[in-house]
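In the order they appear, the protein sequences are chains V and Y.
Going by our numbering, 68 is the number at position 68 of the first sequence; the sequence numbering is gapless.
Going by our numbering, 1236 is the number at position 236 of the second sequence; the sequence numbering is gapless.
Take a look at the structure below.
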Amino acid sequence: MRSILSVLVENRAGVLARTAGLFARRGYNIESLAVGETEDATVSRMTIVAQGDERIMEQVEKQLNKQIDVIKVRQLNAENSTRRELALIKVNANTKTRGQITDICAIMKAEVVDLSPTTLTIEIADRPERVKQLLNMVEPYGIVEIVRTGMIAMEKGSAAISLPE
Amino acid sequence: MISGAEAMVRCLEAEGVPVLFGYPGATIAPFYDSLRASKIRHVLTRTEQGAGHAASGYARISGKPGVCVVTSGPGATNLLTAIATAYSDSIPLVAITGQVATYQLGRDVFQEVDTTGAAAPFTKYSYLVKSAVDLPRVFKEAFHIASTGRKGPVLIDVPVDVQRQAIEFSYPEGVSIRGYKPPHAGHPLQIRKVAEAIRAAKRPLICLGGGAFLSGAVDVVRAFAEKFSLPVVSTLMGVGALPADHPYYYGMLGMTGTTTGNIAIDRSDLLILIGARVGDRAITRPDSVEKTTTVVHIDIDTAEIGKNVGATIPLVGDAAAVVSKLSEMDLEGDRSEWLRELDVHRAKEREKTLAKQSKSGFLNPGAFVRMLCEKLPENSVYVADVGQNQIWSARNFRANGRFLTTGGMGTMGYSIPAAIGAKAAAPDRCVLAVCGDGSFQMSMNELATMRQHGFPIKIAILRNGKLGMVLGIQRTAYGGREFAVDLEGSPDFKLIAEAYGIEYQRVCDMEGAEKAVERMLSSPGGYLLECAIDPEEGVQ
């Protein structure tokens, strides 16, 4: 089972290492982890995507909550949240294939952000499954390099995971 | 303006710390220079690990965080074992380590290691202090975190240049840590559910862990068990929470526990775990317990609930607070048949235990521990090391006092330094360390600490010339292929005792042992009692 954890943490040195270590020493794999500042500069938000059954995820959530630097933890599910991932994809492209690839980009609402005589760099910011779909589409042309940010997610509607008063 | 080093000393004074256990070095030298002028007592141990264990013994007897101080690099790495030991037993420590100067961090200079990184998996929290102005807040937080919620070690790593910076000092009144709000009282609804479960149960059983001591719940739990006629077993860390001769106490459970304790777990239809984490040595098959028994799990650490055993009724909260609330409820019931059943098992086992004999020329370890406990003065502290000596001690401990040991990590060499710490916390109590000849040799350097600082610790070495616990494993699981467990080459302990200026006696029969124990207990100084144990003696 894939789970999305949205975690508010103190924006301090060492917090990322502690959090990652918590997964590593239990043998749990992190699929992706994205960190950034929030509206409050002293607080960062981590979005962690991990695989594990219910018992493992419950234990992970509890262990995260136990961390002194962790302020709040919430599990998000795919249906009730807006999920996005940003990817940069450098793909082989010559005069013959360039048009085909830009067609794919247009349909997928991806943007060509760099160009060289032999490659194209595509930017896509979309749901993770759409990113995957684009990758499948351009894969036959030969992918040179991929950079992905990992998923970020936010609950739909007016509810928010915010700091306790 | 005062220096960071002076500020550190002031912080410790503000926390009311009377004693530090430590070992100096270059990167902690400014702190030591400031400590000289303070009234805080410094106990120089003979290894950094000894300082950590001594702080642990101090914390367990005083109920306040124990403080240890070491230098960077090897000082810090030597301390790690003691920190990990305290972490697994939830003992509150504040460990202060020197560090290389901030501008040298990460350059692999002399005696530099990533101390906070190395300690992260087994500290409750750690700080690398980059500026002296942070010191007062960091110290205040460290003592608060170590001693509240599920207790544990907190590490403060202070670079040497930070110790030299000048600051205006003021110690904060309180702390504000938004990510740390330890629970206290249990949820009323869950408490009501527990009460209903107790009323419905035919064979309820309380299992006490080390949390009973840590929350100060010992008296409350005892009164609770007595009020409602509830039988009690304990884990290794819970030994001594109820007096061994208490009519409702049925012994220690687990792999090396008593038969009665394990039968009680097996037969119970309601298991009330109080401050016990259900470690693998306590309950080896938690899944079978889950299936047949309603499990109530009372713990201050949410993450412990459901980790090793599935709880039917989880109850997060401080054991003393929760059990006090339960005590006010009406939980009367007829448990006489269940108690009678357990009484029969206990009587049978006791008879068997008492009938145990050892070869002539050797002491029976169980009988020795029982005799020793009978002779100990009220309120003694009995520190068992790790190995067979620990199991014999835990199963036969029946003194009116505290039993200390390390259950989680099982760190050999714990007893002597921990006894030193306990004695520092309670100079008027009799403090005894019981170890094997293996564990003794892991900490015998601390005899010098005893002598230098005047700690009259009584030490009993159960000497069988073997690493008995490992030998037991080789006998049962490795076809009896004995290897690397012979302690031949060990020194003459009489000469060791003489060299450190403490009294010594060797005994190999009960009659001699009784007299020797009396002599040991009436002697004003430290004492080394060597007890001959048959190497063939197992823990069962």
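Note that beta-carbon positions come from the ideal geometry of N, C-alpha and C, so glycine has one too.
Are the C-beta atoms of Y:GLY1413 and some chain V residue less than 7 angstroms apart? As a working note, residue 1413 of chain Y is residue 413 in the second sequence. Judged by the 7 angstroms Cβ criterion, Y:GLY1413 is not in contact with chain V.
7 angstroms CB neighbourhood of Y:LEU1339 in its chain, flanking five on each side removed: In the second sequence, the residue the question calls residue 1339 of chain Y occupies position 339. Result list for Y:LEU1339: SER1229, PRO1231, in chain order.
What are the residues that DSSP puts in a beta bridge with V:GLU123? On the first sequence, position 123 is the one that residue 123 of chain V refers to. Looking at the DSSP output, V:GLU123 shares a beta bridge with V:LEU88, V:GLU111.
Using a Cβ cut-off of 9 angstroms, which residues of the region 1162-1193 of chain Y contact any Cβ in chain V, in chain order? Cβ contacts with chain V come from ILE1177, ARG1178, GLY1179, TYR1180, LYS1181.
Would you check if there are 3 or more beta carbon pairs closer than 8 angstroms linking the region 1399-1411 of chain Y to the region 1371-1389 of chain Y? The answer is yes - the region 1371-1389 of chain Y touches the region 1399-1411 of chain Y, with three or more Cβ pairs under 8 angstroms.
Residue span of the alpha helix (DSSP H) that contains V:LEU64, given as start and end: Start at 1 with the first residue of the first sequence, and residue 64 of chain V comes out as number 64. Annotation for V:LEU64: the continuous alpha helix (DSSP H) segment containing it runs 54-66.
With 7 angstroms set as the bound, which would you pick, yes or no: does the beta-carbon of V:GLN75 sit closer than that to a beta-carbon of chain Y? The residue you call residue 75 of chain V lines up with position 75 of the first sequence. No, V:GLN75 lies away from the interface with chain Y (no Cβ there is under 7 angstroms from its Cβ).
Partners in chain Y for V:ASN65, counting only beta-carbon separations shorter than 8 angstroms: One-based indexing of the first sequence puts residue 65 of chain V at position 65. The contacting residues are THR1302, ALA1303.
At the 7 angstroms Cβ level, is V:LYS62 part of the contact set with chain Y, yes or no? Here residue 62 of chain V corresponds to residue number 62 of the first sequence, with the count starting at 1. Answer yes: the Cβ-Cβ gap between V:LYS62 and chain Y drops below 7 angstroms somewhere.
If we cut at 7 angstroms on Cβ distances, does V:ARG25 have a partner in chain Y? Taking the first sequence and counting its residues from 1, the one referred to as residue 25 of chain V is at position 25. V:ARG25 counts as touching chain Y.
Sequence-distant residues of the same chain with beta carbon closer than 7 angstroms to Y:GLU1168, five excluded per side: For the purposes of this step, residue 1168 of chain Y is taken as residue 168 along the second sequence, with counting starting at 1. Same-chain partners within the cutoff: MET1001.
Using the three-state DSSP reduction, which class does Y:GLU1196 fall into: helix, strand or coil? Here residue 1196 of chain Y corresponds to residue number 196 of the second sequence, with the count starting at 1. Helix at Y:GLU1196.
Residue interval of the beta strand (DSSP E) (run including V:VAL148): Walking along the first sequence from the start, residue 148 of chain V turns up at place 148. The question names Val, yet the displayed sequence has Arg at residue 148 of chain V. It spans 143-148 - the beta strand (DSSP E) in which V:ARG148 sits, taken as one unbroken run.
Can you check which of these residues, Y:ILE1206, Y:THR1116, Y:PRO1136, Y:GLY1454, is closest to Y:TYR1250 by C-alpha distance? The residue given as residue 1250 of chain Y occupies position 250 in the second sequence. Selection Y:ILE1206, Y:THR1116, Y:PRO1136, Y:GLY1454 evaluated against Y:TYR1250 yields Y:ILE1206 as nearest (Cα-Cα).
How would you write the range of the alpha helix (DSSP H) that Y:ALA1051 sits in, first residue to last? Position 51 of the second sequence, counting from 1, holds the residue named residue 1051 of chain Y. Element bounds for Y:ALA1051: 1048-1062.
What residue does the beta strand (DSSP E) around Y:ASP1299 start on, and which one ends it? Position 299 of the second sequence holds residue 1299 of chain Y. Looking at the DSSP string, the run of the beta strand (DSSP E) that includes Y:ASP1299 is 1294-1299.
Option nearest Y:LEU1128 by Cα separation, candidates Y:PRO1153, Y:LYS1151, Y:ILE1096, Y:PHE1122: Here residue 1128 of chain Y refers to the residue found at position 128 of the second sequence. Here the closest residue by C-alpha is Y:ILE1096.
Look at the Cβ atom of V:LEU8, then the Cβ atom of V:GLN75, and state whether they are nearer than 7 angstroms. Taking the first residue of the first sequence as position 1, residue 8 of chain V is located at position 8. Taking the first residue of the first sequence as position 1, residue 75 of chain V is located at position 75. Pairing V:LEU8 with V:GLN75 gives a Cβ-Cβ distance that is not under 7 angstroms.
Closer than 9 angstroms by beta-carbon distance: list the chain C residues that pair up with Y:GLY1366, in chain order. As a matter of chain content, chain C is missing from the structure shown, whose protein chains are V and Y.
With 16 as the cutoff for other CB atoms within 10 Å, does V:SER162 come out buried or exposed? Sequence index remark: in the first sequence, residue 162 of chain V carries index 162 (1-based). Counting of Cβ neighbours within 10 angstroms places V:SER162 among the exposed residues, the total staying below 16.
Which word fits Y:PRO1314, buried or exposed, when buried means at least 16 other C-beta atoms lie within 10 angstroms of its C-beta? Residue mapping note: residue 1314 of chain Y aligns to position 314 of the second sequence, counting from 1. With 16 or more other Cβ atoms within 10 Å, it is buried.
Going by DSSP, what residues sit across from V:ALA34 in a beta bridge? Sequence index remark: in the first sequence, residue 34 of chain V carries index 34 (1-based). V:THR47.
Going residue by residue through the region 1084-1150 of chain Y, where are the continuous beta strand (DSSP E) segments of at least 3 residues, counting only ones entirely within it? Fully enclosed beta strand (DSSP E) runs of 3 or longer: 1093-1099, 1125-1128.
Could you check whether the region 1275-1284 of chain Y touches the region 1208-1216 of chain Y, counting it as contact only if at least three pairs of C-beta atoms, one from each stretch, sit closer than 8 angstroms? With a cut-off of 8 angstroms, the region 1208-1216 of chain Y and the region 1275-1284 of chain Y count as touching, because enough Cβ pairs lie within range.
Roughly how many angstroms separate the alpha carbons of V:ASP103 and V:VAL70, rounded to a whole number? Working through the first sequence from its first residue, we reach residue 103 of chain V at position 103. Working through the first sequence from its first residue, we reach residue 70 of chain V at position 70. A direct Cα-to-Cα measurement between V:ASP103 and V:VAL70 gives close to 45 angstroms.
Contact between the region 1300-1316 of chain Y and the region 52-72 of chain V (3+ Cβ pairs under 8 angstroms): In this structure the region 1300-1316 of chain Y touches the region 52-72 of chain V; the number of beta carbon pairs closer than 8 angstroms is three or more.
Considering only their Cβ atoms, is the gap separating Y:SER1038 from Y:VAL1009 smaller than 7 angstroms? The sequence position of residue 1009 of chain Y within the second sequence is 9, counting from 1. The sequence position of residue 1038 of chain Y within the second sequence is 38, counting from 1. Using a Cβ distance threshold of 7 angstroms, Y:VAL1009 and Y:SER1038 count as a contacting pair.
Status (buried if at least 16 other CB within 10 Å, exposed otherwise) for Y:ALA1054: As a working note, residue 1054 of chain Y is residue 54 in the second sequence. By the C-beta density criterion, Y:ALA1054 is buried, having at least 16 other C-beta atoms within 10 angstroms.
In chain order, what residues of the same chain have a beta carbon less than 6 angstroms from the beta carbon of Y:PRO1377, not counting five sequence neighbours either side? Counting from one through the second sequence, the residue named residue 1377 of chain Y turns up at place 377. For Y:PRO1377, where only same-chain residues beyond five positions count, the Cβ hits under 6 angstroms are CYS1430.
So, helix, strand or coil for Y:LEU1363, using DSSP? Here residue 1363 of chain Y is taken as the residue at index 363 of the second sequence, counted from 1. DSSP, read as helix, strand or coil, puts Y:LEU1363 in coil.
Listing by chain order, which chain Y residues have their CB less than 8 angstroms from the CB of V:VAL70? Taking the first sequence and counting its residues from 1, the one referred to as residue 70 of chain V is at position 70. Annotation: Cβ neighbours of V:VAL70 in chain Y (cutoff 8 angstroms, chain order): GLY1179.
Considering only heavy atoms of the ligand HEM, does any lie closer than 6 angstroms to the CB of V:ILE48? Annotation note on the ligand HEM: not contained in the displayed structure, which lists no ligands.
Per DSSP, Y:CYS1430 is paired with what? One-based indexing of the second sequence puts residue 1430 of chain Y at position 430. In the DSSP output, where bridge partners are listed per residue, Y:CYS1430 has none listed.
Going by beta-carbon coordinates alone, are Y:GLY1408 and Y:ASP1033 separated by less than 7 angstroms? One-based indexing of the second sequence puts residue 1408 of chain Y at position 408. One-based indexing of the second sequence puts residue 1033 of chain Y at position 33. Y:GLY1408 is not a Cβ neighbour of Y:ASP1033, given a cutoff of 7 angstroms.
With a cut-off of 8 angstroms on the beta carbons, I'd call Y:MET1469 and Y:GLY1526 a contact; round off their distance for me. The residue you call residue 1469 of chain Y lines up with position 469 of the second sequence. The residue you call residue 1526 of chain Y lines up with position 526 of the second sequence. That belief does not hold up - the Cβ atoms of Y:MET1469 and Y:GLY1526 are roughly 26 angstroms apart, past 8 angstroms.
Nearest candidate by alpha-carbon position, reference Y:LEU1236, set Y:ALA1394, Y:TYR1103, Y:SER1358: Here residue 1236 of chain Y corresponds to residue number 236 of the second sequence, with the count starting at 1. Among Y:ALA1394, Y:TYR1103, Y:SER1358, the Cα nearest to that of Y:LEU1236 is on Y:ALA1394.
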